[in-house]
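A short worksheet on the structure shown next.
Numbering (the numbering used here), first residue to last: 1 to 118.
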């Protein structure tokens, strides 16, 4: 099992930037990819972005392309989500996840709240 702890959320204004972090521990050798998801109030959880742990290949939801950037620091077992030009519709709880394959997600963090005021 991989333990994931997110940090970096907060209250910001529209147009501001924020960087989320997700620190992984435990069976990190089993990680194939790590990703970010979010759940806005009253909505289903949605995919945001993922990055493969070894190759660094990235993939983004269309709604965040060009504004959000996922990256990783393998030495620190940490994945980041740099969020620029934030919009009120980015308000959500952001979750980090890890997957052992390209088709599934096994472990989840507890989430960090991001609130963007207009």
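All C-beta atoms, glycine included, are put in the ideal place defined by N, C-alpha and C. All values derive from a computational prediction rather than experimental measurement.
Going straight from the alpha carbon of residue 98 to that of residue 56, what length do you get? 14 Å
Check the DSSP bridge columns for residue 36 and list the partner residues they point to. 49, 96
On the DSSP letters alone, give me the boundaries of the beta strand (DSSP E) that residue 44 sits inside. No residue range can be given for residue 44, since it is assigned to no beta strand (DSSP E) and is classified by DSSP as neither H nor E.
The beta strand (DSSP E) spanning residue 6 covers which residue range? 2 to 7
Would you say residue 43 and residue 26 are within 8 Å of each other, going by their C-beta atoms? no
If I'm right that residue 78 touches residue 116 with Cβ under 8 Å, what's the distance once you round it to whole angstroms? That pair is no contact at about 23 Å.
At the level of alpha carbons, what is the spacing between residue 49 and residue 70? 7 Å
Shortest alpha-carbon distance to residue 41 belongs to which of 101, 89, 80, 32? 89
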